[in-house]
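All remarks here apply to the structure that follows.
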Amino acid sequence: MTLATVRPSTCARIHHPRRHAAVRTGDYVFSQLIPYIGNKRKLLHLIDEAVRLTGCEGGVFVDLFTGSTVVGRWAKRRGFRVVANDWEPYSHEIARGTVALNRPPALAALGGAQAVFDHLNALRPIRGYVARHLCPVDDENPDTARERMFFTQANGRRIDAIREQIAAWEAAGQLSGDERAYLLAALLYAVSYASNTSGVFKAFHNGWGGRTGTALYRIRGRLTLTPPVLLDNGLANVAVCQDAQQLARRLPDVVGGRPDIVYIDPPYNQHPYGSNYHVLNTVALWDKPPINPRFLVDGKIVSKSAIRTDWRDQRRSSYNSRKTALAALEELIDSLVARWAIVSYSTDGNIPLEGLLAALARRGTLQVITEPYKRYRVSTPRMSAKSHNVEFAAVVDLAGAPSLSNVNAIADAIRSCERAAPADRRA
Numbered sequence: 001m002t003l004a005t006v007r008p009s010t011c012a013r014i015h016h017p018r019r020h021a022a023v024r025t026g027d028y029v030f031s032q033l034i035p036y037i038g039n040k041r042k043l044l045h046l047i048d049e050a051v052r053l054t055g056c057e058g059g060v061f062v063d064l065f066t067g068s069t070v071v072g073r074w075a076k077r078r079g080f081r082v083v084a085n086d087w088e089p090y091s092h093e094i095a096r097g098t099v100a101l102n103r104p105p106a107l108a109a110l111g112g113a114q115a116v117f118d119h120l121n122a123l124r125p126i127r128g129y130v131a132r133h134l135c136p137v138d139d140e141n142p143d144t145a146r147e148r149m150f151f152t153q154a155n156g157r158r159i160d161a162i163r164e165q166i167a168a169w170e171a172a173g174q175l176s177g178d179e180r181a182y183l184l185a186a187l188l189y190a191v192s193y194a195s196n197t198s199g200v201f202k203a204f205h206n207g208w209g210g211r212t213g214t215a216l217y218r219i220r221g222r223l224t225l226t227p228p229v230l231l232d233n234g235l236a237n238v239a240v241c242q243d244a245q246q247l248a249r250r251l252p253d254v255v256g257g258r259p260d261i262v263y264i265d266p267p268y269n270q271h272p273y274g275s276n277y278h279v280l281n282t283v284a285l286w287d288k289p290p291i292n293p294r295f296l297v298d299g300k301i302v303s304k305s306a307i308r309t310d311w312r313d314q315r316r317s318s319y320n321s322r323k324t325a326l327a328a329l330e331e332l333i334d335s336l337v338a339r340w341a342i343v344s345y346s347t348d349g350n351i352p353l354e355g356l357l358a359a360l361a362r363r364g365t366l367q368v369i370t371e372p373y374k375r376y377r378v379s380t381p382r383m384s385a386k387s388h389n390v391e392f393a394a395v396v397d398l399a400g401a402p403s404l405s406n407v408n409a410i411a412d413a414i415r416s417c418e419r420a421a422p423a424d425r426r427a
């Protein structure tokens with residue numbers, strides 16, 4: 001193993017927590033990013049360093065699991081033609097409305113973009129699907145034992161009014177697919193921002209803002225749409241909504257040749273994105289799945305979070321299970337046609353470290369860049385003594401020689417980095 005095979009990241013951070021706050025920044029990469037578990041906004045410097053190792057300056061960059069779209073946006077700004085893929089409908093709409101588009105759509109049939117946003121923000125609220133099923137009847141006196149509290153009733157009615165108007169325009173042939181995606185990208189961010197959650201829709205706070213009443217400024221503030229910030233890189237960027245496993249085999253057909261870099265950031269743990277962000281899928285699809293308006297039925301709690309069930313048979317990911325994650329990655333990597341692959345993963349992931357590294361090393365020459373990272377924790381009582389894991393970017397030269405003989409040494413170096421991470425200092 002050469003000394004360059006594994007090394008810590010040395011690049012300066014790209015994301016600045018204050019300057020790049022999603023709600024107010026004008027920076028294309030970070031503006032209106034939905035809160036998202038596993039999103040790489042804080043690790044873009046790691047990915048930037050990985051891309052520098054490839055030597056690629058432009059070309060085609062495929063983001064196979066685009067999620068929040070932050071990596072796709074970053075690659076677009078860096079000069080790549082971006083193919084942003086995700087099979088979750090909400091992510092696809094965001095990618096189509098913010099990555100595939102270079103300029104705001106004309107919305108000519110409706111008087112232009114500014115007129116459309118002014119109209120949507122001025123709509124009379126209506127008590128529709130969201131207000132009836134995901135909000136308390138009375139914002140000042142919510143029944144926390146029976147009613148869902150994903151949004152205030154006031155904001156639920158605004159969501160209903162805006163989404164119904166978008167659907168009506170589409171049904172009347174007044175919106176193109178790109179125009180719909182542009183409006184939905186703005187709405188999906190507003191829905192995330194105004195939600196009475198910590199960003200994940202598997203649960204809502206018990207009371208507005210929970211016990212501490214935090215973030216009331218956004219939860220009880222008026223939901224408003226703001227046009228997404230776009231970037232014109234002069235290239236034909238694309239948003240795709242497919243199973244990444246299947247798309248990997250078809251990339252030359254989709255891209256029009258061999259892509260330069262395929263970036264792979266699969267789910268790390270057992271929690272499906274389709275259930276974590278089910279409300280966003282409902283807003284994107286607007287199919288209004290049947291649910292009881294209240295979750296306490298005959299004294300029993302029934303579907304408290306109203307999670308959609310379609311992900312189970314339509315979008316169940318093999319990466320969410322320790323039993324199947326490694327095989328899924330092996331299948332994807334083995335079928336990949338590209339010049340370079342970059343895989344983001346963590347020492348906390350479902351795929352065993354040696355297995356993951358071996359799958360990559362079989363396909364070509366492997367280099368790894370590491371970064372100690374503070375672990376995501378659901379709550380204080382569930383904290384473990386291990387405060388940090390290691391996030392890493394594995395760079396595979398798919399035209400290089402297989403590097404299986406280096407796997408154990410690379411794994412040891414990554415674990416050494418984890419052991420050297422800062423000790424936990426809980427207040």
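Per the numbering used here: the sequence shown = residues 1 to 427.
For every residue, glycine included, the Cβ atom is placed at its ideal position computed from N, Cα and C.
- Counted as a single uninterrupted DSSP element, the alpha helix (DSSP H) harbouring phenylalanine 117 occupies residues 113-122.
- Using a Cβ-Cβ distance cut-off of 8 Å, the segment 339-354 and the segment 284-301 are not in contact, since fewer than three pairs of beta carbons, one from each stretch, lie closer than that value.
- Listed in chain order, the alpha helix (DSSP H) elements of length 4 or more contained wholly in the segment 18-99 are 44-54, 70-77 and 89-95.
- Residue pairing by DSSP places isoleucine 301 opposite Leu296 in a beta bridge.
- Taking the Cα positions, threonine 370 is about 45 Å away from phenylalanine 295.
- Counting the other CB atoms within 10 Å of its CB gives glycine 173 a total below 16, which places it among the exposed residues.
- Residue state for isoleucine 307 is assigned as coil, using DSSP reduced to three classes.
- Assigned with DSSP and collapsed to three states, asparagine 276 falls in helix.
- The beta carbon of leucine 332 is closer than 6 Å to those of Gln245 and Ala248 in its chain, skipping five residues each way along the sequence.
- In the pairwise beta carbon analysis, the segment 311-324 is classified as touching the segment 268-288: at least three pairs are separated by under 8 Å.
- Less than 9 Å separates the beta-carbon of leucine 366 from that of aspartate 397.
- In the same chain as asparagine 121, and ignoring 5 residues on each side of it, the C-beta atoms closer than 7 Å to its own belong to Thr224 and Leu225, in chain order.
- Between valine 83 and valine 343, the beta carbon gap of about 17 Å keeps them out of contact (Cβ cut-off 8 Å).
- Within the segment 129-165, complete alpha helix (DSSP H) segments of at least 4 residues are found at 129-133, given in chain order.
- Relative to aspartate 27, the option among Val60, Ser416, Arg77 and Val51 whose CA is nearest is Arg77.
- By the C-beta density criterion, glutamate 140 is exposed, having fewer than 16 other C-beta atoms within 10 angstroms.
- Apart from the 5 residues on each side of it in sequence, lysine 40 sits with its Cβ closer than 7 Å to the Cβ of Ile47, Val70, Val71, Asp265 and Ser344 in its chain, given in chain order.
- Closest in C-alpha terms to alanine 393, from the list Ile414, Gly400, Arg19 and Lys374, comes Ile414.
- Shown here for alanine 12: same chain residues with a beta carbon closer than 8 Å to its own, the five before and five after excluded, namely His45 in chain order.
- In this structure, phenylalanine 61 and isoleucine 219 do not form a Cβ contact; the two beta carbons are roughly 36 Å apart against a cut-off of 8 Å.
- Within the same chain, no residue comes within 6 Å of aspartate 334 by CB-CB distance, once the 5 residues on both sides are set aside.
- Shown here for threonine 66: same chain residues with a beta carbon closer than 7 Å to its own, the five before and five after excluded, namely Gly72, Ala84, Asn85, Asp86, Ser91 and Ala95 in chain order.
- With a cut-off of 8 Å on Cβ pairs, the segment 222-241 is not in contact with the segment 195-214, counting fewer than three such pairs.
- Going by beta carbons, arginine 124 and lysine 304 fall outside the 9 Å limit.
- The Cβ-Cβ distance between leucine 101 and asparagine 320 does not fall below 9 Å.
- Residue burial annotation: glutamine 32 is buried, with at least 16 other C-beta atoms found within 10 angstroms of its C-beta.
- Per DSSP, aspartate 232 lies in no beta strand (DSSP E) and is assigned neither H nor E.
- Excluding its 5 nearest sequence neighbours in each direction, alanine 327 has C-beta neighbours in its own chain below 8 Å: Ser318, listed in chain order.
- In the DSSP assignment, arginine 218 falls within the unbroken alpha helix (DSSP H) covering 216-219.
- Residue pairing of isoleucine 261 in beta bridges, as defined by DSSP: Phe61 and Trp340.
- Spanning the alpha carbons of tyrosine 189 and tryptophan 286 requires a straight line of approximately 16 Å.
- Judged by beta-carbon spacing, tyrosine 373 lies beyond the 9 Å limit of asparagine 350, meaning their Cβ atoms are not closer than that value.
- Contact annotation: asparagine 269 and aspartate 348 have beta-carbon atoms nearer than 9 Å.
- In this structure, DSSP gives aspartate 348 a state outside helix and strand, which the three-state scheme calls coil.
- Across the set Gly58, Glu330, Glu418 and Glu88, the C-alpha of Gly58 shows the shortest separation from the C-alpha of glycine 79.
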